[in-house]
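Protein chains in written order, with my numbering: chain A, 85 to 338; chain B, 85 to 338.
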DNA sequence: CGAGTAGTTGACGATTGTCAAGATGGGTGG
DNA sequence: CCACCCATCTTGACAATCGTCAACTACTCG
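Right, here's the structure in full:
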């Protein structure tokens, strides 16, 4: 059993080190027993294919999910049947935090490509967190981080123009890939132009045009879903609103 | 001591019944002792004046805050000095959840008018939640709810036109006031037109024009900061995107 | 190989931002 | 108490951005 624990701990470290849940798995304050118990409630590597649903709006919420490989989109459907993309989830990112409130999912989630996910029954996690203060604290932090994310959304959609939005989107993907050990400047967009435009609050045509223009300007090399970022610094400038020589900021001063 | 508990419980019920923390205070699973302990860590009714800061970006985070009377705006300042309004907080609403992650505030908060707030040291709340599973659960729910709020923001800023945004804003205030026992159709806007337009991602002039037009159309009666909503049903329609006879939806179908 | 979906490009128009000027109202000092 | 002033708000004219419509191309999947 002791040997079992050691093996389990190593397995988790390998499996989770690139995962947003690593904060739950790896902190020093978790004893090997704690880790084993956490390990025991995690269901690993459920496979999904492109178009498979993880859950639909209104489904009962039972487990948090983490993308291992692939990508997921979450979206909400309005009365008239139109979708609103809420986010794209890359390896290591969590899905389902919004559903804790009413034990019911408030959005749908669909695989954008072949995808592996880990699942954690929330009941068990909650119980475990009650017994393990450091885990409880990590959970509070995790939820808080997600709340802080709203700031970026407000910046993106409330103040930025179309170029800035697309650049921000590309840089966001770049940083997230980089953080997980993938290339920061060469990756595949698993989502369609429709999904991108929907997420950014733009028309498909606008996104398409901006991709083309960025390419003409030598900032990116985009061939369909394969994208290379050729000038990260400039893209970051555009994302931050430093258009040409000082684009008119839409901000205001108190 | 037993009598003390009863008094304390009643006091809290009165103080908190219109408060978003009521979920923490009132659930049946809290024993009178738990309630008393919660009561003991809450600091009540700190007074603020118009323009006073609750905290600035980067300040260490120590306590969650709830508006008792008045209103607060939270905002983030970008490099160029321009502000982005993140939200308006009315009586019963919480401030500071985004700061748990790094024990540091990620936005500033300022009183829009004379305002009273309750404060809860987060350390103590966290400790208490460890000892009280139902409180822990309520805290998870509270944080989750805030995360779910992001959906509305994305709908508002990503898909809606200017009329829809203003109508959505007014209806949001209306519902929140109504939920706290105030009038749903007659209230004061404590925030300036600048703040409103900033929050909605529009120009001040656009907001002003829409207020005027809504007034001409008999939907509202707005005299400076005092607003009366004369046709809630119609405003809700506009907020939902049912412009005139079916405004062009910017959605798309999968 | 053919059909359908996804993506691109162009022309045009609507919505909304920008600039400028004027109106309103609250607050302060005479 | 009145008058003035400054900030806030409103209104108008114009321009820019971005969405819409339509046609065309390219890729994917049977």
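By construction, the Cβ of each residue, glycine as well, lies at the ideal position given by its N, Cα and C atoms.
All figures in this text were calculated on a predicted structure; none of them were measured in a lab.
By alpha-carbon distance to residue 153 (chain A), the top candidate from A:261, A:283, A:282 and A:298 is A:261. In terms of beta-carbon proximity, residue 147 (chain A) stays away from the interface with chain B, with every pair separated by 9 Å or more.
In the DSSP assignment, residue 322 (chain B) falls within the alpha helix (DSSP H) that extends over 316-324. Short of 8 Å from the beta carbon of residue 212 (chain B), and not among the five residues preceding or following it, lie these beta carbons of its own chain, in chain order: 118, 121, 122, 125 and 219. If you look at residue 263 (chain B), you'll find it in the alpha helix (DSSP H) that goes 246-263.
Nearest CB-CB separation between residue 143 (chain B) and chain A: not below the 9 Å threshold. In this structure, residue 174 (chain B) keeps its C-beta atom at 9 Å or more from the C-beta atom of residue 258 (chain B). Against chain B, the CB of residue 224 (chain A) has a partner CB under 9 Å away; the residue lies at that interface. Contact residues of the stretch 202-224 of chain B toward chain A are 210, 213, 214, 217, 220, 221, 223 and 224 (C-beta to C-beta distance below 8 Å). Per the coordinates, the alpha-carbon of residue 266 (chain B) lies some 23 Å from the alpha-carbon of residue 283 (chain B). Residue environment for residue 248 (chain A): buried (at least 16 other C-beta atoms within 10 angstroms of its C-beta). Nearest in C-alpha terms to residue 263 (chain B), of all of B:203, B:177 and B:147, is B:177.
In terms of beta-carbon proximity, residue 139 (chain B) stays away from the interface with chain A, with every pair separated by 9 Å or more.
Taking 9 Å as the threshold, the shortest C-beta distance from residue 293 (chain A) to chain B does not fall below it. Within the stretch 228-249 of chain A, contact with chain B at the beta-carbon level (separation under 8 Å) is assigned to 228, 229, 230, 231, 232, 233, 234, 235, 237, 238, 239, 241, 242 and 243. Taking CB atoms only, residue 183 (chain A) has a neighbour in chain B less than 9 Å away. Close CB contacts of residue 240 (chain A) within its chain, under the 7 Å cut and outside five residues either way in sequence, are with 249 and 252 (chain order).
Residue 168 (chain B) reaches chain A at 238, 239, 242 and 243, counting residues in chain order whose Cβ is nearer than 7 Å.
In this structure, DSSP gives residue 168 (chain A) an extended state, which the three-state scheme calls strand.
For the stretch 150-218 of chain A, the full-length alpha helix (DSSP H) segments reaching 4 residues or more read 206-215 along the chain. Interface annotation, residue 176 (chain A): not in contact with chain B, CB-CB separation never under 9 Å. Fewer than three beta-carbon pairs drawn from the stretch 180-197 of chain A and the stretch 196-203 of chain B are found closer than 8 Å, and the two stretches are therefore not classed as touching. For residue 170 (chain B), the CB contacts under 7 Å within the same chain, skipping 5 residues up- and downstream, are 158, 159, 160 and 191 in chain order. Counting C-beta atoms within 10 angstroms of its own C-beta, residue 234 (chain B) has 16 or more neighbours from the protein chains shown and is therefore classed as buried.
Rounded to the nearest angstrom, the Cβ distance from residue 149 (chain A) to residue 138 (chain A) is 6 Å, consistent with a contact under 8 Å.
In the structure shown, residue 310 (chain B) adopts extended strand secondary structure according to DSSP, grouped into three states. By the Cβ-count criterion, residue 155 (chain B) is buried, with 16 or more other Cβ atoms from all chains shown falling within 10 Å of its own Cβ. For residue 118 (chain B), no CB of chain A lies under 9 Å from its own CB, so it is not counted at the interface with that chain. Contacts between residue 285 (chain A) and chain B, judged by CB atoms closer than 7 Å, involve 241, 242 and 243 in chain order. If you ignore the 5 residues before and after residue 299 (chain B), its C-beta comes within less than 7 Å of the C-beta of 305 and 306, all in its own chain and listed in chain order. With a contact defined as Cβ atoms closer than 8 Å, residue 302 (chain A) and residue 315 (chain A) qualify at about 7 Å. Contact between residue 184 (chain B) and residue 206 (chain B) holds, with the beta-carbon distance rounding to 7 Å and staying under 8 Å.
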